[in-house]
Amino acid sequence: MSYKFREIEAKWQKYWSENQTFKAENTSDKEKFYVLDMFPYPSGAGLHVGHPLGYIASDIYARYKRHKGFNVLHPQGYDSFGLPAEQYAIQTGQHPAITTEENIKTYRRQLDQLGFSFDWSREVRTSDPEYYKWTQWIFIKLFNSWYNQDANKAEPVSDLISQFEKEGNTKVNAVCDDDTPEFSAREWKGFTENEKQQHLLKYRLTYLADTEVNWCPALGTVLANDEIINGVSERGGHPVVRKKMTQWSMRITAYAQRLLDGLQTIDWPQPLIDAQTNWIGRSVGAEVAFKIKETELEIPVFTTRPDTIFGASFMTLAPEHELVPIITSADQKEEVKAYIAATAKRSERDRLADVNKISGAFTGAYAEHPFTKVQLPIWIGDYVLAGYGTGAVMSVPCGDQRDYDFAKHFDIPIPNIFEGIDISEEAFADKEKTIITNSDFLNGLSYKEATRKAIAELESLGQGKGKVNYRLRDAVFSRQRYWGEPFPVYYKDGMPQMINEADLPLVLPEVEKYLPTETGDPPLGNATQWAWDSEQSAVVSNQLIDHKRIFPLELNTMPGWAGSSQYFNRYMDPHNDSEIFSEKAINYWQQVDLYIGGIEHATGHLLYSRFWQKFMFDLGMVPYDEYAKKLINQGMILGTSAIVYRVKGENTYVSKGLIADYEVDELHVDVGLVNSSDELDLTGLKNWQPQYEEAEFVLEKDKYIVGREIDKMSKSKYNVVNPDAICEEYGADSLRMYEMFLGPLEQAKPWNTAGITGVHSFLKKLWRLYHGGENGQFIVSEEQPTKAAYKQLHKTIKKVEEDIETFSFNTSVATFMICVNELTALKCKARDILEPLAIIISPYAPHIAEELWALLGHKEAIATAPFPKFEAEYLVEDSKEYPISFNGKMRFTMELPLDLSKEDIEAAVMANDKTQQQLQGRTPKKVIVVPGKIVNIVG
Ligand code: ANZ
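Under our numbering, the first residue of the sequence shown is numbered 82, with each subsequent residue one higher.
Listed below in structure tokens is the structure:
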């Protein structure tokens, strides 16, 4: 019987689904193990072969852990809110829910066909109201919390209010807005309700604030920094301006230090830890206040180098700095205004990137140096960012390159206090004993001592203090989109109010159009039923809004990262409709043991989700403030693109070997049109795209050979390989094994479909190992296996177990191949070998393993069969292949037991026909026997 993989795979997928083989219970005597994948965004294009790489790896691990006796949670779901479905809706009018549902169907079919051991009974979809109810619920919890720096955790706003009532806010040590004013208990009590709410917003962990955003009027939305190229939108090339908009923000900065500290406690890849560390960007330094001449005003600056303060010769403020309009002198007003208008067009990223484009303007104002009392001119320049530190710097042109360039450009005098001294960051970090000169009381000190001294002196003047600064910014949480979670928020007298938790979910309303409204409101502004009846607790018609009982609802929606910040916990108890998850469920599953996903989420999802987990920990809802103990970033599978060469200005295409004689343009063509020898199917090409129909081709040896290039797999490069076709031709087990065989999990590696045949032949060989007989039927014997067969099996058990534990899945595949070759050569049909072999191979190739397991006579699925135990004794050698030499020349080998005496070895060698042939009747002078090593016959 041949290996009918299509039948076998369909049969077992059906079996697993009908028997709920992989359903995990929330109670078990077994130890738990939680294996998580980053859930997919179900895009219209479906999966390509690169997508399942991480899923295959995590599935192997999950299956392995089941064999090892664990109760494994391995869930899957969909990150199903998002932009592509919305854009498709804008173009076609098709409701995003419908497209999303269709795409999910495709994804589910594709995932099922790969034989993953997911517990689908726990599926979540972020766009499902039953799921986003809990995303909204966390939002409300964040709104009702503030960060107490003394307790170093989030606490209820109700506690903060009691404190305000008792003693005002002067003793409160909170992470709050910079412009939070001080007030006494009496003042607090005197505030109107609206004023109280305004003050509280400055403390809440999610708050409404006027934030500088990149606004693209043509697209009607805010854009992230990386969606803007050279000042215009990446999509469409529309102008982008910086604009203040009222937006929801998340006070993630409150958690900056804990987000850093937590990285030390988890087993995550170093590049990912580095990316988050840099993103959080902790800087230790000082905040120094510079007085502005002839005013009561001060400019606070943040500096990492207070030791250089005597080199400060001017100041630079970000153009957006709030003091700019106040301090600018009358005669500089025009210039300053023009400059501000010009820089508003540049994104923060451009401002940082264009170090050579020095620009700025003088404000006409002066600040006073805290020590020398010298007057320092105050400039504005866009190399100073409004959102970092205090948005102002003391400029030290002899110490800082950007300050130096700026001073040079505008001819600002550069006093050099560091003549001949290396003051680079490296020197600062390494050298304890370098001397600071020309700097009054800092003379003769090392950098570090000078830093300490400068801060102490500033403190005694009341003009500075030590300060730790983080590059991390609060995260803007509002999106002007339709297809996202609605905020559970309505507005009363302009202040946000939460709807009751009991009234969740607040379901996304229907709209006629998915575009922003004519008045510039987000798409939810098109909804006619989008008002909150605070008495009935219901969504009602906008026409009923009276601002007394019926209020307008929030029009923004939440960003993509909202839903993915809590799914790992929700999987533990996904159908609970009274709690986000039960105590029992979280106490049992605790946290994710292994999380596999892409590094591209390093400073997005993987940072935000850690923040939400820490918040949940502060609420006492979860036992760990890190949700994923170990994380692995799988490497990308790259596409092998196919290139044709078009003669410039002509419709002629030249084969690769001939291009030296032409001037050519390179074009990507569909990789499906190219065979494994890089030959292009010209008929196929002509049918593929009309521009090739009439084209001429210059061939070499009657063939058109394409160029090959390794690129990211993408539709635009026509190098996408669809797993459906591979499954159809070779089966899922071949695909799974081949993806692992491509190389180490964490490395990027190119896909090459031709290579899959090797793995496919291996599986056929595996199948044949269990078959034979006259008609090739299944055959297995009860005989005692040979020592050699045992040895092969146990070598394989050992290696595969070590490989899986260290996530080296690629080397296991090679080990299986060797094992099956050896057992085939040994003609091994023994049950005691073939049964354990089926189990160790089943995490990789589960369908064939299940089929063999059933043929072996088992009624239960292989999924929970115990992993075979490695026994070292089988690896102990008990015989030796002796090289038999004649006068020092090796002629043949002989397998002899290791426990033979010297005499017995000699006797056995002499009795061998081959020895007699070599001697041709002579009697050897001497026979040298070294037991366990060699035999040499002399004479
Ligand atoms: C004086 C000085 C002298 C500085 C010197 C550096 C070297 P990190 O490490 O990134 O925190 N700075 C402060 N706020 C800024 C802003 N909003 N935009 C641009 N630059 C800003 O860097 C902190 C240093 O970057 C600060 O220390 C300040 O320049 C500058 F020899 O102050 B320094």
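Beta carbons: idealized from backbone N, C-alpha and C, even for Gly.
Where residue i and residue j are concerned, what is the direct C-alpha to C-alpha distance, given to the nearest angstrom?
i: ILE661; j: GLN157; result: 17 Å
i: SER541; j: SER243; result: 35 Å
i: LEU918; j: LYS879; result: 12 Å
i: VAL313; j: THR302; result: 13 Å
i: GLU1028; j: TYR871; result: Nothing about residue 1028 can be reported from this structure: the residues present for the chain run from 82 to 1020 only.
i: PRO1025; j: ILE333; result: Summary: the structure shown does not reach residue 1025, with the chain confined to residues 82 through 1020, and so no result is reported for it.
i: PHE632; j: ASP614; result: 7 Å
i: LYS418; j: LEU596; result: 34 Å
i: LYS846; j: GLY196; result: 21 Å
i: LEU826; j: LEU164; result: 30 Å
i: VAL256; j: TYR336; result: 9 Å
i: ASN295; j: ILE740; result: 46 Å
i: SER440; j: TYR563; result: 39 Å
i: PHE558; j: LEU904; result: 60 Å
i: LEU304; j: TYR145; result: 44 Å
i: THR896; j: THR102; result: 28 Å
i: VAL750; j: GLY468; result: 46 Å
i: ASP759; j: TYR785; result: 8 Å
i: TYR726; j: SER797; result: 17 Å
i: ARG630; j: ARG483; result: 56 Å
i: GLU916; j: ALA166; result: 48 Å
i: GLY685; j: TRP642; result: 7 Å
i: THR273; j: GLU616; result: 23 Å
i: ILE920; j: ALA138; result: 17 Å
i: TYR572; j: GLU276; result: 15 Å
i: ILE502; j: ALA508; result: 9 Å
Do residue i and residue j have their C-beta atoms closer together than 8 Å?
i: TRP218; j: ARG651; result: no
i: LEU241; j: TYR288; result: no
i: ALA442; j: MET396; result: no
i: ASN803; j: HIS129; result: yes
i: PRO451; j: ILE493; result: no
i: GLU707; j: THR358; result: no
i: LEU761; j: VAL755; result: yes
i: HIS682; j: MET331; result: no
i: PRO123; j: TYR159; result: yes
i: PHE568; j: MET475; result: no
i: THR72; j: SER645; result: The question about residue 72 has no answer here: the residues shown for the chain are numbered 82 through 1020.
i: VAL1011; j: VAL990; result: no
i: VAL752; j: ALA723; result: yes
So, with DSSP's three-state summary, where would you put residue i?
i: ILE498; result: coil
i: PRO603; result: coil
i: GLN715; result: coil
i: ILE580; result: coil
i: SER1059; result: What is shown of the chain runs 82 to 1020, which leaves residue 1059 out entirely.
i: PHE199; result: coil
i: ALA143; result: helix
i: LEU117; result: strand
i: GLY720; result: strand
i: TYR571; result: strand
i: VAL588; result: coil
i: TYR288; result: strand
i: PHE897; result: helix
i: TRP360; result: helix
i: TRP329; result: strand
Buried or exposed: where does residue i fall if 16 or more other Cβ atoms within 10 Å of its Cβ makes it buried?
i: VAL1019; result: exposed
i: HIS656; result: exposed
i: PHE522; result: exposed
i: ILE899; result: exposed
i: LYS695; result: buried
i: GLY938; result: exposed
i: SER520; result: buried
i: SER618; result: exposed
i: LYS489; result: exposed
i: GLN561; result: buried
Quick one: is residue i near chain D, going by C-beta distance under 8 Å?
i: TYR595; result: Looking at the structure shown, chain D is missing, and only one protein chain is on hand.
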